[in-house]
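Before any comments, here is the structure.
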Amino acid sequence: MTEYFTFDLVKDGTVHGQIKLACTAEPMGKVEIQVLEGPSQGEFFIARDFFDALAGLRKALEKEHLRPACLGACLFVYPSGMSRDMGHGRQAYYLETLRPATKDDLVDIFDPLPDHVSLGDLASVPAQEAFRKSLLSV
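Residues in the sequence shown are numbered from 82 upward in steps of one, following our numbering.
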């Protein structure tokens, strides 16, 4: 099944265009994100789950200092191993606080930013990984 998403692209805290994606998951296999419109148009990002495929896309966009305005690109969002295995990495935990995560903290990585999340919460892939590691070391 293929789903389509359109996100604003953010550079230096302001919107600089949009990107349109087609996201497809094989029943027991890899997932892919195809860029239909915007920077990296025509490119495919194939990975074991959507979180990794989105990270690949984000790394390509970061070369142009762009970040997609979706929850999966937020500093505080990271999937658990189980959510990666069971749902192709579509769901991740919103980990802003140091309390243990619950089911209520799960978000869809392709959801747009809600009002309480600012464009400044978008992060690079390395910054997001470092934030997750810092939470695990507490």
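Every residue gets a Cβ at the ideal spot worked out from N, C-alpha and C, and that includes glycine.
The C-beta of Y159 has 16 or more other C-beta atoms within 10 Å across all chains shown, which makes the residue buried.
Its chain contains I127, A128 and R129 as the residues whose beta carbon lies nearer than 7 Å to that of K111, once the 5 sequence neighbours on both sides are disregarded; these appear in chain order. Under the 10 Å beta carbon count, A173 is surrounded by 16 or more other beta carbons and is classified as buried. Judged by beta-carbon spacing, F132 lies within the 8 Å limit of R165, meaning their Cβ atoms are closer than that value. The criterion of a C-beta distance shorter than 8 Å is satisfied by C155 and D202. Going by C-alpha positions, F157 is about 21 Å away from T87.
Between K101 and G119, the beta carbon gap of about 6 Å places them in contact (Cβ cut-off 8 Å). Secondary structure note for K92: its beta strand (DSSP E) is the uninterrupted segment T83 to K92. Within the same chain, Cβ atoms closer than 8 Å to the Cβ of T95 are found at L200, the five residues on either side in sequence being excluded. In chain order, D130, F131, F132 and P160 place their CB closer than 6 Å to the CB of G170, counting only its own chain and leaving out the 5 sequence neighbours on each side. Q115 and A103 do touch by the CB rule: their CB atoms are close to 4 Å apart, below 8 Å. Taking a contact as a CB-CB distance under 8 Å, the pair L147 and L194 does not count as one, their CB atoms being some 15 Å apart.
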